[in-house]
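Chains as they are written, first to last, in the working numbering: chain S, 1 to 115; chain B, 1 to 113.
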């Protein structure tokens with residue numbers, strides 16, 4: 001099976017702009033989670049989508065949003081970019097049922113730089 | 001409440017010597033536990049997982065971890081370090097039936113020749 005893919009791999013944006021990142025999960029996986037990784041804060045959970053519904057949410061401002069499509073592909077959007085949004089954004093997919101033995105598989109990430 | 005504590009932010013070993021990366025967890029529910037590895041500028045790769053079967057779990061690349069409920073620990077070990085093991089390692093806990101994942105702060109492993 002193909003792994004989790006994320007596009008684009010690298011992005012440079014300026015403050016105030018918005019950005020959309022895309023994630024294609026492993027075939028058959030219905031859950032997609034998004035994480036932000038920075039040197040200072042480490043890995044932080046943004047949100048999780050399952051069957052097109054946001055099921056879990058982290059502690060991020062409303063500028064961060066996401067959605068999931070019927071084919072389980074997911075996008076996340078960040079509006080009004082700030083310098084502090086510069087980070088590696090990781091997407092992870094899992095089968096997503098309620099059993100927590102369903103491990104997550106991560107994509108390579110999108111490196112976002114805000115100038 | 002759920003939490004994960006990785007006791008060392010940096011560990012340095014010589015090639016060919018054993019590796020021990022320590023992880024303690026707190027979970028209100030029977031947890032599943034995972035170790036992931038992240039090489040520079042890459043995504044996270046699953047090393048191994050514990051899901052209430054055998055307490056000693058074997059993973060990829062010679063790594064293994066032992067679940068000790070009485071100590072609430074899930075330490076990662078490898079008998080002999082290789083240069084390619086140099087990376088950051090994350091311990092993750094997921095309480096049963098919640099499909100939420102809680103990450104430790106990571107341990108950077110340095111392997112000296």
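Don't be surprised by glycine CBs; every beta carbon is placed ideally from N, CA and C.
Here the structure is a predicted model, which means the values were calculated and not measured.
At what residues does the beta strand (DSSP E) containing residue i begin and finish?
| i | result |
| --- | --- |
| residue 1 of chain S | Careful: residue 1 of chain S lies outside any beta strand (DSSP E) and carries neither H nor E. |
| residue 110 of chain B | 107-112 |
| residue 64 of chain B | 64-68 |
| residue 74 of chain B | 73-78 |
| residue 38 of chain S | 31-38 |
| residue 51 of chain S | Per DSSP, residue 51 of chain S belongs to no beta strand (DSSP E) and is neither H nor E. |
| residue 12 of chain S | 10-13 |
| residue 108 of chain S | Residue 108 of chain S -> no beta strand (DSSP E), and no H or E assigned at all. |
| residue 39 of chain B | Segment: none, residue 39 of chain B is in no beta strand (DSSP E) and carries neither H nor E. |
| residue 5 of chain S | 5-7 |
At the level of alpha carbons, what is the spacing between residue i and residue j?
| i | j | result |
| --- | --- | --- |
| residue 37 of chain B | residue 62 of chain S | 30 angstroms |
| residue 72 of chain B | residue 79 of chain B | 22 angstroms |
| residue 9 of chain S | residue 23 of chain S | 11 angstroms |
| residue 112 of chain B | residue 70 of chain S | 48 angstroms |
| residue 55 of chain S | residue 47 of chain S | 8 angstroms |
| residue 60 of chain S | residue 85 of chain S | 11 angstroms |
| residue 113 of chain S | residue 76 of chain S | 16 angstroms |
| residue 82 of chain S | residue 66 of chain S | 18 angstroms |
| residue 110 of chain B | residue 86 of chain B | 5 angstroms |
| residue 11 of chain S | residue 38 of chain S | 15 angstroms |
| residue 40 of chain B | residue 89 of chain S | 14 angstroms |
| residue 106 of chain S | residue 29 of chain S | 12 angstroms |
| residue 3 of chain S | residue 80 of chain S | 31 angstroms |
| residue 137 of chain S | residue 108 of chain S | In the structure as shown, chain S begins at 1 and stops at 115. Residue 137 of chain S is therefore absent and cannot be evaluated. |
| residue 63 of chain B | residue 33 of chain B | 14 angstroms |
| residue 108 of chain B | residue 11 of chain B | 6 angstroms |
| residue 7 of chain S | residue 102 of chain B | 25 angstroms |
| residue 129 of chain S | residue 47 of chain B | Nothing about residue 129 of chain S can be reported from this structure: the residues present for chain S run from 1 to 115 only. |
| residue 64 of chain S | residue 31 of chain S | 18 angstroms |
State the DSSP-derived secondary structure class of residue i, mapped to helix, strand or coil.
| i | result |
| --- | --- |
| residue 3 of chain B | strand |
| residue 26 of chain S | coil |
| residue 93 of chain S | strand |
| residue 56 of chain S | strand |
| residue 66 of chain S | strand |
| residue 84 of chain S | helix |
| residue 77 of chain S | strand |
| residue 28 of chain B | coil |
| residue 137 of chain B | Since the first residue shown for chain B is 1 and the last is 113, residue 137 of chain B is missing from the structure and cannot be characterised. |
Going by C-alpha distance, which of the options is nearest residue i?
| i | options | result |
| --- | --- | --- |
| residue 70 of chain B | B:10, B:30 and B:17 | B:30 |
| residue 44 of chain S | S:21, S:36 and S:6 | S:36 |
| residue 21 of chain S | S:27, S:51, S:95 and S:68 | S:68 |
| residue 93 of chain S | B:14, B:1 and B:45 | B:45 |
| residue 72 of chain S | S:64, S:80, S:42 and S:91 | S:91 |
| residue 51 of chain B | B:83, B:67, B:75 and B:104 | B:67 |
| residue 40 of chain S | B:77, B:47 and B:9 | B:9 |
| residue 111 of chain S | B:4, B:77, B:74 and B:42 | B:42 |
| residue 18 of chain S | S:78, S:53 and S:50 | S:78 |
Point to revise | Contact the segment 88-97 of chain B vs the segment 17-27 of chain B: 3+ CB pairs below 8 angstroms | key: The segment 17-27 of chain B and the segment 88-97 of chain B touch, with three or more beta-carbon pairs separated by less than 8 angstroms.
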